[in-house]
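In the numbering used here, the protein residues as written are 11 to 403. Ideal placement from N, C-alpha and C gives every residue a C-beta, glycine not left out.
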């Protein structure tokens, strides 16, 4: 193996953003903001936009490694790679290229000219590598197993060989704000992940059944929040107690408790969405997975909700969700024991209820005022890794 070259920085490319037409500038600006938020402060001034890519100009391999790890968790990036700079002349390009490969390795040369004013075309660069093969450690080969990328940018070139695939999607914040319903189970953190991938800025809402917020802090919920913060490092959280709901439904038949709770959740999320100027509610529901997620019950419990309800897992089966949870490193946290307010265990829960029947029972139980009253008792603020920074109510 060749020694790792001393890199000059990281080049970042964005794919889907080029489809955004006149909004492209805003999307790229949001991506740059998100990268800045995720990076340690000392790297912020090193991020620059350069033609059709972004550059982080760090000058030690340790810094490159730190930045690469963080870029791997940022939505909106198609791929990124550590690079070395060279001049635009072949002597300089060849000198840098030799630092990437072992002797005798077959390498495909892939030049790209962002700046068309130079004398050499892409074909000229490839032919020069072939003509000057004696100066190379490696063998330039059209079908080479490895690749050397040369991006010509005006008065210098970016040379790299190891592209790392990014998360793709859209930068968080480009699709507006969303109220993300976050339980203590497997499904909702994965739904949150897909919402973030489509550019939604999250406002996490968790309904807790513990006697105090301090008890909640001692559960797995902080770990679930932390696992999502790596994709967007600043998130507002509403921790909403459910005791007012529980008191209100005590006299109702147990078989209605699940659908009543789901309607209560939606109504609460609707109020929060209006408070936070969010247009979307995100849930981890999967069609038919449990009694509250039949088509009839989903229709009834969401009746009257004005926000778009985004259910990214609707067509997933449980094993597909578990597989994604394991892939993202969330599964072991999600299966930790927890007193989840969303995991009601009613006997023979109703699986099909009409919107009119549910509305009648909801009103009879006196639940219309409970969402706002519960929000008034909620802890609201930004998650700092240990607690909610600011509490209201």
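| query | Rounded to whole angstroms, how far is the Cβ of residue 120 from the Cβ of residue 158, which I believe are closer than 8 Å? | reply | 7 Å
| CB contact flag (residue 371, residue 266, <7 Å) | yes
| query | The alpha helix (DSSP H) spanning residue 305 covers which residue range? | reply | 305 to 311
| query | Any idea if residue 213 is buried or exposed, counting beta-carbon neighbours within 10 angstroms, 16 or more meaning buried? | reply | buried
| query | Grouping DSSP H, G and I as helix and E and B as strand, with all else coil, what is residue 116? | reply | strand
| message | Among 335, 83, 66 and 303, whose alpha-carbon lies nearest the alpha-carbon of residue 359? | response | 303
| field | Exposed unless 16 or more other CB atoms sit within 10 angstroms - verdict on residue 334 | value | buried
| query | How many angstroms separate the CA atom of residue 309 from the CA atom of residue 192? | reply | Here the alpha carbons of residue 192 and residue 309 stand approximately 20 Å from one another.
| request: Excluding the 5 residues preceding and the 5 following residue 375 in the sequence, name in chain order all residues of the same chain whose CB lies nearer than 8 Å to its CB. | output: Same-chain partners within the cutoff: 258, 259, 261, 262 and 270.
| residue 242 (DSSP reduced to helix, strand or coil) | coil
| query | How long is the line joining the alpha carbons of residue 145 and residue 20, rounded to whole angstroms? | reply | Near 27 Å, if we compare the C-alpha coordinates of residue 20 and residue 145.
| Leaving out the 5 sequence neighbours to the left and right, which residues in its chain are closer than 7 Å to residue 16 when beta-carbon positions are compared? | 71
| said: Whole angstroms are fine: how far does the CA of residue 378 sit from the CA of residue 277? | reply: Taking the straight line joining both Cα atoms gives about 9 Å.
| What is the rounded straight-line gap between the Cα of residue 324 and the Cα of residue 95? | 47 Å
| task | Could you pull out every residue in the same chain whose Cβ sits closer than 7 Å to the Cβ of residue 403, ignoring the five residues on either side in sequence? | result | Its pLDDT being 44, under 50, residue 403 is placed unreliably by the model, and the measurement read from it follows with that caveat. Closer than 7 Å at Cβ, skipping near neighbours: 386, 387 and 388.
| task | Kindly indicate which residue of 393, 174 and 332 has the alpha-carbon position closest to the one of residue 200. | result | 332
| So residue 98 packs on residue 167, CB below 8 Å; how close in whole Å? | 6 Å
| Start-end ranges of the alpha helix (DSSP H) lying completely within the region 252 to 302, minimum 4 residues | With a minimum length of 4 residues, the unbroken runs of alpha helix (DSSP H) contained wholly in the region 252 to 302 fall at 253 to 258 and 267 to 286.
| said: Can you list, in chain order, the residues of its chain with a C-beta nearer than 6 Å to that of residue 58? Leave out the 5 residues immediately preceding and following it. | reply: 65
| query | Just the Cα atoms here: how many angstroms apart are residue 11 and residue 327? | reply | Bear in mind that a pLDDT of 48 at residue 11, under 50, signals an unreliable position, so the number given afterwards is only what the model happens to contain. Rounded to the nearest angstrom, the two C-alpha atoms are 44 Å apart.
| message | In whole angstroms, give me the CA-to-CA distance for residue 176 and residue 254. | response | 44 Å
| field | Cβ distance (whole Å) where residue 290 is taken to contact residue 248 below 8 Å | value | In fact, because the Cβ distance is near 15 Å, the residues do not count as touching under 8 Å.
| field | Other residues of its chain near residue 87: CB distance less than 7 Å, five sequence neighbours each side excluded | value | 22, 24, 81, 176 and 177
| task | Quick one: measure Cβ to Cβ for residue 18 and residue 85, integer angstroms, because I've assumed they're closer than 8 Å. | result | About 26 Å; that fails the 8 Å criterion.
| query | Can you name the residues that DSSP bridges to residue 96? | reply | 167
| In whole angstroms, what is the alpha-carbon distance linking residue 151 and residue 140? | 8 Å
| residue 109 versus residue 101: straight-line alpha-carbon distance, rounded | 13 Å
| said: As an exercise, report each continuous beta strand (DSSP E) stretch of at least 3 residues that is fully enclosed by the region 151 to 197, in chain order. | reply: With a minimum length of 3 residues, the continuous beta strand (DSSP E) runs that stay inside the region 151 to 197 are 156 to 163, 166 to 170 and 187 to 191.
| task | Under 6 Å Cβ to Cβ from residue 138, same chain only, skipping five residues before and after it: list those, please. | result | 100
| request: To the nearest angstrom, report how far apart residue 311 and residue 43 are at their CA atoms. | output: 38 Å
| task | Pull up the distance between the alpha-carbon of residue 47 and that of residue 90, whole angstroms please. | result | 18 Å
| task | Report back the beta-carbon spacing between residue 124 and residue 62 to the nearest angstrom; my notes put them in contact at under 8 Å. | result | A Cβ-Cβ distance of about 6 Å is found for the pair residue 124 and residue 62, placing them in contact under the 8 Å criterion.
| message | My output table needs one value for residue 350: the three-state DSSP class, helix, strand or coil. | response | strand
| field | Whole-angstrom distance between residue 132 and residue 117, CA atom to CA atom | value | 16 Å
| Pick from 396, 361 and 330: whose alpha carbon is nearest that of residue 264? | 361
| field | Any alpha helix (DSSP H) of 4 or more consecutive residues that is wholly inside the region 17 to 95 | value | 34 to 48 and 71 to 81
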